[in-house]
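FYI, the numbering for the sequence shown is 29 to 207, going by this note's numbering.
Using N, Cα and C, we set each Cβ at its ideal position, and we do this for glycine too.
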Amino acid sequence: MTERLVPYQPLDLQEPADLVAAIRQRRGGQFINLDRMLLHSAPFATGWNAFLGEVRNNLGLDPKLRELGMCGVAILNRAEYEFIHHAPVFLSAGGTEEQVKAMRQIGSSPMSAGLFSQLEEDAIELTIQMTRSIEVDSALMKRLQSALGNSHLVELVGVIATYNMVSRFLVALQVTPEH
Numbered sequence: 029m030t031e032r033l034v035p036y037q038p039l040d041l042q043e044p045a046d047l048v049a050a051i052r053q054r055r056g057g058q059f060i061n062l063d064r065m066l067l068h069s070a071p072f073a074t075g076w077n078a079f080l081g082e083v084r085n086n087l088g089l090d091p092k093l094r095e096l097g098m099c100g101v102a103i104l105n106r107a108e109y110e111f112i113h114h115a116p117v118f119l120s121a122g123g124t125e126e127q128v129k130a131m132r133q134i135g136s137s138p139m140s141a142g143l144f145s146q147l148e149e150d151a152i153e154l155t156i157q158m159t160r161s162i163e164v165d166s167a168l169m170k171r172l173q174s175a176l177g178n179s180h181l182v183e184l185v186g187v188i189a190t191y192n193m194v195s196r197f198l199v200a201l202q203v204t205p206e207h
């Protein structure tokens with residue numbers, strides 16, 4: 029492996045104290061490597077912690093759809109770190125091991141028929157379109173709006189957009205899974 033350009037901040041980092049405490053509280057007392065990279069910039073880490081905390085914990089969107097979008101982005105952008113962190117949450121939100129395995133093929137081969145609901149298939153297609161081509165087919169958006177309503181459609185689009193940001197950060201700075 030090549031040497032990391034930007035090293036992780038130490039696990040025992042104490043300053044800035046308020047920010048470190050807020051991140052540790054959101055993570056159940058731990059730092060993950062993403063936090064250790066973000067903490068090179070206190071303003072960035074502060075905003076990230078607040079924003080991602082809201083996205084992860086306070087949306088009305090079905091958690092399974094939320095995590096499906098996050099995992100799909102991770103696979104499409106080759107952000108294994110992101111997938112490793114979100115696949116277990118997808119499972120706890122009602123996903124299956126078979127679906128997790130199938131998600132690894134998003135964007136490279138057709139999904140197995142019947143493995144995902146029509147809404148989940150549309151959410152996967154939205155993830156692919158937003159991540160790869162940015163523009164989204166209007167018929168797809170109309171189906172999703174009909175199924176989800178305006179608020180949850182905005183949240184799903186926001187989750188996919190947010191996790192495209194996350195994956196690009198992870199990949200560019202070579203953030204690796206914790207051991």
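Asked	Found
Cβ-Cβ distance between A121 and F111 below 8 angstroms	no
Residue burial classification, L172 (beta-carbon count within 10 angstroms, cutoff 16)	buried
Reference I51; option with closest CA among E183, Q133, N77	N77
Simplified DSSP assignment, three categories, for F59	coil
CA-to-CA distance, A167 to L198, given in whole angstroms	32 angstroms
Contacting residues, own chain, Cβ-Cβ under 6 angstroms from T74 (five flanking each side not counted)	L47
L176 burial status per 10 Å Cβ neighbour count (16 or more: buried)	buried
R52 in three-state terms, based on DSSP	helix
Through-space distance from L66 to M169, alpha-carbon basis	33 angstroms
Presumed contact (8 angstroms Cβ cut-off) between L96 and H180, rounded CB distance	The Cβ separation is near 13 angstroms, so there is no contact.
Cβ distance (whole Å) where G81 is taken to contact R64 below 8 angstroms	Actually they are not in contact, since the Cβ atoms of G81 and R64 sit about 17 angstroms apart, beyond 8 angstroms.
Simplified DSSP state of Y109, which is helix, strand or coil	helix
Extent of the continuous alpha helix (DSSP H) to which Q202 belongs	That residue, Q202, is in no alpha helix (DSSP H); it is neither H nor E in DSSP.
Beta-carbon proximity list for V117, same chain, < 7 angstroms, skipping 5 on both sides	E95
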